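**Student:** Protein chains in written order, with the numbering used here: chain A, 5 to 178; chain B, 11 to 692.
Positions of the beta carbon are idealized from the N, C-alpha and C atoms, including for glycine.
Here the structure is a predicted model, which means the values were calculated and not measured.
Here it is, the structure in full.
The following block contains the structure:
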């Protein structure tokens, strides 16, 4: 009787999670409203998935055919480090957005620029973003490690239950 | 993107892992459903199957469709997703009466030995009965519905994927508990009278109506995130009203329709009520395990060998005469990247296919027409010490001479292999090269302990009446086993090259390829033809340990901190890791347990070693796949621990080998998390 919830729990735990995008910045730059999302905030060293929503400032309708370029710049003792990536619909799950995977190489304060070309208008949105140290890999992948001790604990319980379990038979008829 | 509508229709986020899990659930159910129909056929079987699969389909739509991609932007999309998770997916899954089909669909041993004790655990049964009791289920359902729609908690779910996951999981699970009382899936007994379902559903509808009305008539935006985003020309207030209407109208129908059906059934009176389902018992036929249909397999060997020989010649030609840039040369890519990976995959999923198609043996067979091969392999060398040493040598050469980066050396190694096979088997009888020299063969022999196929006899009684022993002696149709494996005494895949000469030679057709439980042979220690008892064969045990530890050493040599070491330090590392450490571990196991157990524990580490080889080679073949690699390694450890436990039978006896396995696993996890050198690819 208990089997199927166990199976379904195991099977469906993962797909239940949403994408949980967080708003990194939201600015009005006439004639557009620009919102930038990240898969985690604050940003950390390593790869981050960024997505941009471009809307008309008047009416908030989405701008579908924009060219969006994301740029991170940092002055490191006179040497400028720059990371550039085009954001496209193809790289976004939600096709209203323009997505890009960007790898930020070092921590610190980065100048973040979003360049948008659309409907004969060119706008640039500027922001300063603090990038934190790289998250330890274990932080993200811990479920893939934890399942081992969990399975071992379940096995130990299984053995104990088996040892304790005695089949009960109905009393023999005289 | 042309329009909002087009964007909405194309925003699918299909995660392969989720899809695989849903398909696995469907496969298990269908398998169990088909098995069930072989025993009893009910008139609603088809409806149940449809209901369960529809439930899975709606779950897929709720979690992978544009509803999921848009839930952060539109409350209406999020509400539709919640409606599916709470009100449609749970009852549909339950209408599939999934308990028996899912139990039947899983492997019998797993259900009996693995799940059985949990299913009959009184504490767990009491807890489950408590959760599905109608008052408790209703309170949980109502609490979950109200709690997650309170603005602070709803906003928290929008900000964090973990909280969002928790929200969806609680909707789904409280939905299951709630609908259990309504659907009463078999074989559960009904806890309350049937009429109680009507007020139960009406109360739920009242709750739903209240909440929907709050969305529609609140007059203010309840969730500021949607207002801040303002993702379309539709205002957040309108979006909220639409969400409320979705919850109100279709949501209410989900409660009212079953309430109406129950009411009609009760009003119809006992005589007009639906009769109990007619069940037809199907006559059971005795189940005879079907032999594997492998008569065509021996005929496949020669073409496979010719194909592999052509590939080997092409690789050598490119290695000798082609560009010496490894990633652009067949010799730099095929043997070191793809062949190693594919041969491990073949071993774990089918069997020892590479030895079967070995091109060296084709050349050797041709050479046998010239060379006499009259001598027997020296008695002192009839063991696995030489190939074990060759394996360690290979691991060192691979790093010291960067073989992966030298097509020319790779071509020479392949050519050397051909020459060695010709000389050894040209002088010595049988397949001495395969049995006592070839390090690749030994790797395949050890890894094939985990293969799901084995060459063995169909019926041992037929062999008892056999006087010709063609399987080992050979006849006019085929030669006998060149590795001296006498089929009636053969156990497992050790020393078997899958040449299938025995299959061809057996006059009664009593030898064939059969499916077996992977690694089951490790749990036994019978006398094995041409090998003896594994618990007495130190050379075999050390060979297995070299291959296991070699997996970790080989991978570690490619990660950043170790890759930077100089030649001597690297040589010392490989010698210590692949030769001295296995010997040390073996000695320690002998001291801490017993000689017999130490030998047998060595083989239990093979799943972990194979998992490490697979995880490492997957990186080179398919790029970084850290999640899959960790999953493979974890499964390898669990398999190893299970085998060791089965042999030890006591926790205290298990401890030494468990410590070794866990230590290796920790090392493997560390290696996988390090930046690894991608070899053979630009």
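What residue does the alpha helix (DSSP H) around residue 494 of chain B start on, and which one ends it?
**Tutor:** Note, residue 494 of chain B: premise wrong, no alpha helix (DSSP H); not H, not E.
**Student:** State the start and end residues of the unbroken alpha helix (DSSP H) segment that holds residue 470 of chain B.
**Tutor:** It spans 470-474 - the alpha helix (DSSP H) in which residue 470 of chain B sits, taken as one unbroken run.
**Student:** Could you confirm whether any beta carbon from chain B is found closer than 7 Å to the beta carbon of residue 141 of chain A?
**Tutor:** Residue 141 of chain A counts as touching chain B.
**Student:** My guess is that residue 397 of chain B and residue 343 of chain B are in contact by the Cβ rule of under 8 Å, so how many angstroms apart are they, rounded?
**Tutor:** At roughly 26 Å, the Cβ-Cβ gap does not stay under 8 Å, so residue 397 of chain B and residue 343 of chain B are not in contact.
**Student:** Check whether chain A comes within 7 Å of residue 148 of chain B, counting only Cβ atoms and requiring the distance to be less than that.
**Tutor:** It does not; no Cβ of chain A falls within 7 Å.
**Student:** Do residue 405 of chain B and residue 413 of chain B count as a contact pair if the criterion is CB distance below 7 Å?
**Tutor:** No; because the gap between Cβ atoms is not below 7 Å, this pair is not in contact.
**Student:** Looking at chain A, is there any beta carbon in it that lies within less than 7 Å of the beta carbon of residue 159 of chain B?
**Tutor:** With 7 Å as the cut-off, residue 159 of chain B does not count as an interface residue toward chain A.
**Student:** So which of A:35, A:103, A:50 has the shortest CA-CA distance to residue 41 of chain A?
**Tutor:** Nearest C-alpha to residue 41 of chain A: A:103.
**Student:** Can you give me the C-alpha to C-alpha distance between residue 513 of chain B and residue 521 of chain B, rounded to a whole angstrom?
**Tutor:** Rounded to the nearest angstrom, the two C-alpha atoms are 5 Å apart.
**Student:** Measuring straight from C-alpha to C-alpha, what distance separates residue 98 of chain B and residue 166 of chain A?
**Tutor:** Approximately 37 Å, taken between the alpha carbons.
**Student:** By the 10 Å Cβ neighbour count, where 16 or more other Cβ atoms means buried, how is residue 537 of chain B classified, buried or exposed?
**Tutor:** With fewer than 16 Cβ atoms within 10 Å of its Cβ, residue 537 of chain B is classed as exposed.
**Student:** When burial is assigned at 16 or more other CB atoms within 10 Å of the CB, is residue 168 of chain A buried or exposed?
**Tutor:** With fewer than 16 other Cβ atoms within 10 Å, it is exposed.
**Student:** Rounding to the nearest angstrom, what Cα-Cα distance links residue 39 of chain A and residue 163 of chain B in this structure?
**Tutor:** Cα to Cα, residue 39 of chain A sits roughly 23 Å from residue 163 of chain B.
**Student:** Just verifying my parser: in three-state terms, what is the DSSP assignment at residue 685 of chain B?
**Tutor:** It is coil, neither helix nor strand.
**Student:** Check the Cβ of residue 124 of chain A against every Cβ in chain B and list those closer than 8 Å, keeping chain order.
**Tutor:** Within chain B, no residue comes near residue 124 of chain A; the closest Cβ sits about 18 Å away, beyond 8 Å.
**Student:** Spell out whether any CB of chain B is found under 7 Å from the CB atom of residue 95 of chain A.
**Tutor:** No, its Cβ sits nowhere closer than 7 Å to a Cβ of chain B.
**Student:** Which of helix, strand or coil does DSSP assign to residue 162 of chain A?
**Tutor:** Correct three-state label for residue 162 of chain A: helix.
**Student:** Applying a beta-carbon distance threshold of less than 7 Å, which residues of chain B neighbour residue 39 of chain A?
**Tutor:** Under the 7 Å cutoff, chain B gives 239.
**Student:** Whose C-beta lies closer than 6 Å to the C-beta of residue 43 of chain B among residues of the same chain, with five residues either side of it excluded?
**Tutor:** If we look at residue 43 of chain B and ignore the five residues flanking it on each side, its Cβ neighbours are 59, 111.
**Student:** Strictly under 7 Å for the Cβ-Cβ distance: is residue 56 of chain A near chain B by that measure?
**Tutor:** False, the Cβ-Cβ gap to chain B never drops below 7 Å.
**Student:** Could you spell out the range, first to last residue, of the alpha helix (DSSP H) harbouring residue 369 of chain B?
**Tutor:** Residues 369-377.
**Student:** Say whether chain B places a C-beta atom closer than 7 Å to the C-beta of residue 133 of chain A.
**Tutor:** Taking Cβ atoms only, chain B never reaches closer than 7 Å to residue 133 of chain A, which makes this a no.
**Student:** Quick test of the definition: if touching needs 3 or more C-beta pairs under 8 Å, does the segment 59-70 of chain B touch the segment 23-36 of chain B?
**Tutor:** Cβ pair count under 8 Å is three or more, so yes.
**Student:** Strictly below 8 Å CB to CB, what residues from chain A border residue 20 of chain B?
**Tutor:** Simply 99.
**Student:** Residue 155 of chain A versus chain B: which residues are under 7 Å apart at the beta carbon?
**Tutor:** Result: 648.
**Student:** Does any residue of chain B have a CB that is nearer than 7 Å to the CB of residue 136 of chain A?
**Tutor:** No, residue 136 of chain A lies away from the interface with chain B (no Cβ there is under 7 Å from its Cβ).
**Student:** Hey, does residue 127 of chain B have any beta-carbon neighbour from chain A nearer than 7 Å?
**Tutor:** Residue 127 of chain B counts as touching chain A.
**Student:** Helix, strand or coil for residue 348 of chain B, going by three-state DSSP, please let me know.
**Tutor:** Correct three-state label for residue 348 of chain B: helix.
**Student:** Residues in the same chain with beta-carbon distance under 7 Å from residue 247 of chain B, minus the five sequence neighbours each way, listed in chain order, please.
**Tutor:** The residues are 231.
**Student:** Is it true that the segment 236-251 of chain B meets the segment 75-88 of chain B, where meeting means three or more beta-carbon pairs spaced less than 8 Å apart?
**Tutor:** Segments in contact, yes.
**Student:** Determine the direct distance from the alpha carbon of residue 128 of chain A to that of residue 17 of chain A, and round the result to whole angstroms.
**Tutor:** Note that residue 17 of chain A has pLDDT 43, beneath the 50 cutoff, so the model's placement of it is unreliable and the number below is only indicative. If I take the Cα positions, the gap works out to 41 Å.
**Student:** When burial is assigned at 16 or more other CB atoms within 10 Å of the CB, is residue 560 of chain B buried or exposed?
**Tutor:** It counts as buried.
**Student:** Residues in its own chain within less than 8 Å of residue 236 of chain B by CB, not counting five upstream and five downstream?
**Tutor:** Contacts found: 83, 84, 85, 246, 249, 250.
**Student:** Please look up how many angstroms separate the CB atoms of residue 609 of chain B and residue 656 of chain B, rounded, as I've assumed it's under 8 Å.
**Tutor:** At roughly 15 Å, the Cβ-Cβ gap does not stay under 8 Å, so residue 609 of chain B and residue 656 of chain B are not in contact.
**Student:** What residues from chain A crowd round residue 677 of chain B, counting only those whose CB sits closer than 7 Å?
**Tutor:** None at all; the shortest Cβ gap to chain A is about 14 Å.
**Student:** Run down chain B in chain order and give the residues with a C-beta less than 9 Å from the C-beta of residue 30 of chain A.
**Tutor:** The answer, in chain order, is 238, 239.
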